[in-house]
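Down below is the structure, laid out as structure tokens.
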Amino acid sequence: MGGLQMKRLKDPELFSCIKKYLTIYLPQIKNRSSNTVEAHRFSLNLYLDFLIDTVVKDLSEIKATDFCQENILLFMEWLSKERKNEVTTVNVRLSNIRSFCKYLSKNGLILHSDIDDIAGIKKLSDLRKHEVTYLTAGTMKLILEQPDISKKTGIRDKFYMALLYDSGCRNQEVLDLQVKDFIVNTDGSAELHILGKGRKYRVTPISNEVTKLFYSYCSIFHPDKSTAQQHLLFYTKRNGIVTKMSPDNVQRFLSSYEASARKIQEDIMHLHPHLFRHTRAMHLYMAGVPLPIVSEWLGHSNMETTLIYAQASIEMKRKASEKLKAHESSVFKGDVTFKYDDDEMIKKLSGLK
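Have a look at this one:
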């Protein structure tokens with residue numbers, strides 16, 4: 001009788017190992033967070049895509065021995081050249097693949113000598129590690145003007161980018177937000193409640209301008225906020241199924257607005273979520289906000305090893321936000337082009353001083 005047959009795997013033990021690694025070893029034995037597990041899953045998927053693209057022709061042909069030093073080095077090059085990944089991203093992928101290779105070795109699927117070779121792979125050195133990249137307030141404002149707010153996706157994208165900048169959050173922190181995490185107080189002031197990296201909790205004030213965008217966004221995507229408090233603030237919907245918005249989705253619309261903004265300003269740098277965070281930190285510092293408060297604002301655990309951090313209360317942060325609005329570094333008040341030539345500032349923000 002006819003019928004579809006599943007392709008025979010050349011190395012079924014490898015794929016069994018992958019499943020156990022992602023569903024048992026990382027979340028249960030190593031007690032890794034769901035975000036960490038997802039990061040490892042994403043890295044493994046990328047590595048398999050790379051193998052199919054450059055080494056083998058089909059997923060079913062991949063073997064444990066394909067996890068070797070030579071292929072991993074080619075994988076790093078592929079990430080850099082084909083996917084245009086930043087140095088830090090390539091190094092994260094390397095660490096994740098290394099971790100899985102150690103697991104393969106523990107299960108007898110690759111040799112200990114192979115692990116030694118893989119461990120010898122050096123991380124990429126970031127030649128720009130002493131340089132902080134950021135957008136001027138004028139450029140940031142231009143980026144926020146790119147979405148077409150006559151469309152639902154334009155309203156969503158503008159709110160997402162404005163919140164990413166205003167809060168200084170990491171991209172994943174914004175993707176993890178629920179509606180209830182955006183708090184509007186009785187006096188009209190707003191704040192964002194964030195469960196950040198290392199499961200550390202913080203509260204960050206939000207500007208009036210972004211609060212208005214929140215209301216516009218919710219009127220379309222969360223029309224009944226009273227029943228949507230536990231819902232994801234940002235989501236995608238396909239065939240009636242609601243899922244968390246992915247980092248790839250965010251990067252797609254950032255790239256689109258980068259292209260449209262470049263037609264107006266040719267020297268706009270490549271947009272990625274972390275650039276918004278760097279930009280916020282730089283603007284806060286330029287407004288005279290003390291580094292310990294900038295560190296608290298961004299949720300850094302150790303921005304500068306010699307710096308004694310003062311625990312910033314939400315009111316201290318709100319006063320810092322008000323100070324920023326009165327300063328020319330505010331994106332939400334006027335077009336200003338800045339000249340960042342303070343080497344001391346850059347070194348402090350980079351943790352070099």
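Read left to right, the sequence shown gives residues 1 to 353 (UniProt numbering).
From the three backbone atoms N, C-alpha and C, an ideal C-beta is built for every residue, glycine too.
| Check | Outcome |
| --- | --- |
| Given a threshold of 16 other Cβ atoms within 10 Å of its Cβ, counted over all protein chains shown, does Lys263 qualify as buried or as exposed? | exposed |
| By DSSP's criteria, His278 is part of a beta bridge. Which residues make up the other side? | Bridge partners of His278: none, in fact. |
| For Gln146, count neighbouring C-beta atoms within 10 Å of its own C-beta (all shown protein chains included) and say buried if the count is 16 or more, exposed if not. | buried |
| By a C-beta neighbour count over all protein chains shown, 10 Å radius and 16 as the cutoff for buried, is Val179 buried or exposed? | buried |
| By the three-class DSSP mapping on this structure, what secondary structure does Tyr235 have? | strand |
| Please confirm if the region 96-113 is in contact with the region 15-31, defined as three or more CB-CB distances below 8 Å between the two stretches. | yes |
| I'd like the list of long-range same chain contacts for Leu271, defined as Cβ closer than 6 Å, with 5 residues on each side in sequence excluded. | Leu254, Glu258 |
| Would you decide whether Gly288 is buried or exposed? Buried here means 16 or more other CB atoms lie within 10 Å of its CB. | exposed |
| Per the DSSP calculation, Lys244 is bridged to which residue(s)? | Tyr235 |
| Would you call Lys129 buried or exposed, if buried means 16 or more other Cβ atoms sit within 10 Å of its Cβ? | Any reading at Lys129 is ruled out, since the residue's pLDDT is 49, under 50, leaving its predicted position unreliable. |
| Specify the secondary structure class of Val55 as computed by DSSP and reduced to three states. | coil |
| Rounded to whole angstroms, what's the CA-CA distance from Arg83 to Asn107? Just pull it up for me. | 31 Å |
| Going by beta carbon distance, what residues of the same chain come within less than 7 Å of Leu59, once the five residues before and after it are set aside? | Leu48, Ile52 |
| Using a 10 Å radius around the Cβ and a threshold of 16 neighbouring Cβ atoms, would you call Gly240 buried or exposed? | exposed |
| In whole angstroms, what is the alpha-carbon distance linking Cys218 and Phe159? | 10 Å |
| Taking just the CA atoms, how far does Thr279 sit from Tyr134? | 5 Å |
| Do the region 203-214 and the region 187-195 touch if we need at least three Cβ pairs shorter than 8 Å? | yes |
| For Val294, which residues in the same chain have their Cβ closer than 7 Å to its Cβ, ignoring the five residues on either side in sequence? | Ala281, Leu284, Tyr285 |
| So, does the CB of Thr186 fall closer than 8 Å to a CB anywhere in chain B? | Here there is only one protein chain, and chain B is not present. |
| Could you check which residue in Val210, Leu79, Thr88 has the C-alpha nearest to that of His274? | Thr88 |
| Measure the CB-CB distance between Met76 and Leu44 and report whether it falls below 8 Å. | no |
| Name the DSSP bridge partner or partners of Ala190? | Val184, Ile206 |
| For a test of the three-state rule: what should DSSP assign to Gln230, helix, strand or coil? | coil |
| Please return the same chain residues whose Cβ sits closer than 8 Å to the Cβ of Ile115, not counting the five positions on each side in sequence. | Cys101, Lys102, Ser105 |
| Checking 8 Å against the spacing of the C-beta atoms, do Lys152 and Ile220 come in under that value? | yes |
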